[in-house]
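Scroll down for the structure; my scribbles are underneath it.
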Amino acid sequence: GQQLNQSPQSMFIQEGEDVSMNCTSSSIFNTWLWYKQDPGEGPVLLIALYKAGELTSNGRLTAQFGITRKDSFLNISASIPSDVGIYFCAGFKETSGSRLTFGEGTQLTVNP
Amino acid sequence: DGGITQSPKYLFRKEGQNVTLSCEQNLNHDAMYWYRQDPGQGLRLIYYSQIVNDFQKGDIAEGYSVSREKKESFPLTVTSAQKNPTAFYLCATQEWGSNSPLHFGNGTRLTVT
Numbered sequence: 177g178q179q180l181n182q183s184p185q186s187m188f189i190q191e192g193e194d195v196s197m198n199c200t201s202s203s204i205f206n207t208w209l210w211y212k213q214d215p216g217e218g219p220v221l222l223i224a225l226y227k228a229g230e231l232t233s234n235g236r237l238t239a240q241f242g243i244t245r246k247d248s249f250l251n252i253s254a255s256i257p258s259d260v261g262i263y264f265c266a267g268f269k270e271t272s273g274s275r276l277t278f279g280e281g282t283q284l285t286v287n288p
Numbered sequence: 020d021g022g023i024t025q026s027p028k029y030l031f032r033k034e035g036q037n038v039t040l041s042c043e044q045n046l047n048h049d050a051m052y053w054y055r056q057d058p059g060q061g062l063r064l065i066y067y068s069q070i071v072n073d074f075q076k077g078d079i080a081e082g083y084s085v086s087r088e089k090k091e092s093f094p095l096t097v098t099s100a101q102k103n104p105t106a107f108y109l110c111a112t113q114e115w116g117s118n119s120p121l122h123f124g125n126g127t128r129l130t131v132t
């Protein structure tokens, strides 16, 4: 089920700006995943995090696994028009085995 | 992901008809999943299968059925009992035995009129 609070729901930014979005939960997670979905396509994995405190980068993207294991954030630096899309956080809860929990998504719009 | 094929990309059906969505994978992944996505919303789990000949209901299984006769294939049937079937359907796979990420196909958009 969807028990992750992802914010913001949407963002409208200018090209070149930095972006930050996050996911929080009352549950403890073992793994955090960040996906991007383009219109009409399936989500694509951006970053996977497996340890509390872990900070991982993928190009202009940086994500962190929160120390409390109940949250994660994703930053995008120097945004470009092709960053447009929906960003989803997802995670495996400590108690849910292989069932992945998804956030509701953040719709990002980048104005050239 | 290139190793997961969903077909067709677009599907149109009349109300009252059953329809089957195809999902094939060549990643040799053990687990397969079906999700439903409605406009502006996140993903909701319909069914999942961890091994051949076994599958479990997800959060919104009513009106859907699946089979897992082969490791490579996990077709989803949307039955006439599904009251609001128009949606974007996503298939995903996962290596079993760890909290490994799910890999998604490119989806099938089903429209029922």
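Chains A and B supply the protein sequences, listed in that same order. First residue of the first sequence? That's 177 in this note's numbering, and the numbers climb one at a time after it. First residue of the second sequence? That's 20 in this note's numbering, and the numbers climb one at a time after it. Glycine included, every Cβ here is placed at the ideal spot set by N, Cα and C. None of these values were measured; they are calculated from a predicted model.
Going along chain B in order, which residues have a C-beta closer than 7 Å to the C-beta of residue i?
i                      : result
residue 206 of chain A : 118
residue 268 of chain A : 118
Rounded to the nearest angstrom, how far is the Cβ of residue i from that of residue j, given a contact under 8 Å?
i                      : j                      : result
residue 64 of chain B  : residue 218 of chain A : Contact flag wrong, Cβ pair sits at about 15 Å.
residue 206 of chain A : residue 183 of chain A : Actually they are not in contact, since the Cβ atoms of residue 206 of chain A and residue 183 of chain A sit about 22 Å apart, beyond 8 Å.
residue 279 of chain A : residue 265 of chain A : 4 Å
residue 285 of chain A : residue 185 of chain A : The Cβ separation is near 12 Å, so there is no contact.
Mind checking whether residue i and residue j have CB atoms under 8 Å apart?
i                      : j                      : result
residue 203 of chain A : residue 181 of chain A : no
residue 120 of chain B : residue 237 of chain A : no
residue 97 of chain B  : residue 38 of chain B  : yes
residue 104 of chain B : residue 71 of chain B  : no
residue 190 of chain A : residue 262 of chain A : no
residue 48 of chain B  : residue 127 of chain B : no
residue 251 of chain A : residue 194 of chain A : yes
Note down, in chain order, every chain A residue with its Cβ under 9 Å from the Cβ of residue i.
i                      : result
residue 124 of chain B : 218
Pull up the DSSP beta-bridge partners for residue i, would you.
i                      : result
residue 342 of chain A : The question about residue 342 of chain A has no answer here: the residues shown for chain A are numbered 177 through 288.
residue 76 of chain B  : B/66
residue 86 of chain B  : According to DSSP, residue 86 of chain B bridges with nothing at all.
residue 198 of chain A : A/183, A/249
residue 266 of chain A : A/209, A/278
residue 43 of chain B  : B/24, B/92
residue 37 of chain B  : Answer is none; residue 37 of chain B lacks a bridge partner.
Going along chain B, which residues have a C-beta under 8 Å from residue i?
i                      : result
residue 278 of chain A : 61, 62
For residue i, go through chain A and note every residue whose CB falls closer than 8 Å to its CB, in chain order.
i                     : result
residue 50 of chain B : 274
Starting from the beta carbon of residue i, find every residue of chain A whose beta carbon is closer than 7 Å, and list them in chain order.
i                      : result
residue 121 of chain B : 276
residue 109 of chain B : 218
So which residues of chain B does residue i contact, with C-beta pairs closer than 9 Å?
i                      : result
residue 264 of chain A : 61, 62
residue 229 of chain A : Under the 9 Å cutoff, chain B gives no residues; its nearest Cβ is about 17 Å from residue 229 of chain A.
residue 284 of chain A : What residue 284 of chain A touches in chain B: nothing, since even the nearest Cβ is about 14 Å away.
residue 281 of chain A : 59, 60, 61, 62
| request: For the segment 225 to 262 of chain A, list the beta strand (DSSP E) runs that are entirely contained and at least 3 residues long, ordered along the chain. | output: Counting only runs of 3+ residues, the beta strand (DSSP E) found wholly inside the segment 225 to 262 of chain A occupies 231 to 234, 237 to 241, 247 to 252, in chain order.
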